[in-house]
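Everything in the sequence shown is counted per this note's numbering, starting at -5 for the first residue and increasing by one.
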Amino acid sequence: MVTRPSAARGFTLPELLAVVAIMSILAATAAPAVTALIAGQRARSASSDLFTSLNRARSEAIKRNTAVTLRPETAGSWQSGWRIPNPSDTGHPIEVHNPLTGATVTGPASVVYLPNGRIRAADSVSFDISFANAAKHRCVTIDLSGRPYLKNDAC
């Protein structure tokens, strides 16, 4: 009886090194695009969170029939988070939003909603939101009637 050598199974070292080299090149090429995609999604998420908070502040002002304020946690720094203080119970805020890491948010000192849902301002108010490596800014604008609007570009 003659035995045949079994066929070798698996990869040779040169084949494995070639695959690793190709994967490294593809990963290095895709990394900047993925970073920009993630930054863009963070900007979109932050603008949606701010939009939701503005709608909530407006709704609370109408529901409570009193002025309700949306303000940054740190004066002049919206990226450090924001809050809606409870007008009737200062110890329990209506909403508190966490800081936005890596963001730049420019906006007014605060937004005050009147009991009728309008804002206390002479002109419309806007927030410009951007993240490092993001291709576009996001804009949240509030007209004098108090309704916020999202825009995919800078203000």
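All C-beta atoms, glycine included, are put in the ideal place defined by N, C-alpha and C.
All of these numbers come straight from a predicted model, not from anything done at the bench.
Alpha helix (DSSP H) segment containing residue i, residue limits
{"i": "Asp147", "result": "Premise fails: Asp147 is in no alpha helix (DSSP H) and is neither H nor E."}
{"i": "Gly34", "result": "Leu7 to Arg58"}
Same chain, Cβ closer than 7 Å to residue i, neighbours up to 5 away in sequence not counted
{"i": "Ser41", "result": "Ile123, Arg132, Val134 and Leu144"}
{"i": "Glu89", "result": "Ser47, Arg50, Arg77 and Ile78"}
{"i": "Asp43", "result": "His91"}
Whole-Å CB distance - residue i paired with residue j, under 8 Å assumed
{"i": "Arg58", "j": "Pro81", "result": "7 Å"}
{"i": "Ile113", "j": "Leu138", "result": "6 Å"}
{"i": "Trp72", "j": "Gly101", "result": "5 Å"}
{"i": "Ala22", "j": "Ala128", "result": "The pair is not a contact, with the Cβ atoms about 21 Å apart (cut-off 8 Å)."}
First and last residue of the uninterrupted beta strand (DSSP E) at residue i
{"i": "Arg65", "result": "Val62 to Thr68"}
{"i": "His91", "result": "Glu89 to His91"}
{"i": "Gly101", "result": "Premise fails: Gly101 is in no beta strand (DSSP E) and is neither H nor E."}
{"i": "Thr152", "result": "Because the chain here runs from -5 to 149, residue 152 falls outside it and cannot be looked at."}
{"i": "Ser71", "result": "Ser71 to Ile78"}
{"i": "Arg132", "result": "Arg132 to Ile136"}
{"i": "Ser139", "result": "Ser139 -> no beta strand (DSSP E), and no H or E assigned at all."}
Nonlocal neighbours in the same chain, by C-beta distance under 6 Å from residue i, ignoring five residues either side
{"i": "Asn92", "result": "Gly75"}
{"i": "Arg3", "result": "none"}
Bridge partners - residue i, DSSP secondary structure assignment
{"i": "Arg3", "result": "Note: Arg3 sits in no beta bridge, so no partner."}
{"i": "Asp122", "result": "Thr100 and Cys133"}
is_contact[residue i, chain B] using C-beta, thresh 8 Å
{"i": "Arg114", "result": "The structure shown contains no chain B; it is built from a single protein chain."}
Residues near residue i in its chain [Cβ-Cβ closer than 8 Å; skip 5 each side]
{"i": "Ser120", "result": "Gly101, Cys133, Val134, Thr135, Ile136 and Cys149"}
{"i": "Glu54", "result": "Val62, Ile78, Ile88 and Tyr107"}
{"i": "Ser118", "result": "Thr135, Ile136, Asp137 and Leu138"}
{"i": "Thr60", "result": "Pro81, Ser82 and Pro109"}
> So does the stretch 31 to 38 actually touch the stretch 124 to 131, counting three or more Cβ pairs closer than 8 Å?
Replying inline: yes
> Okay, do the stretch 38 to 51 and the stretch 137 to 149 touch, 3+ Cβ pairs below 8 Å being the bar?
Replying inline: yes
> So does the stretch 53 to 68 actually touch the stretch 93 to 106, counting three or more Cβ pairs closer than 8 Å?
Replying inline: yes
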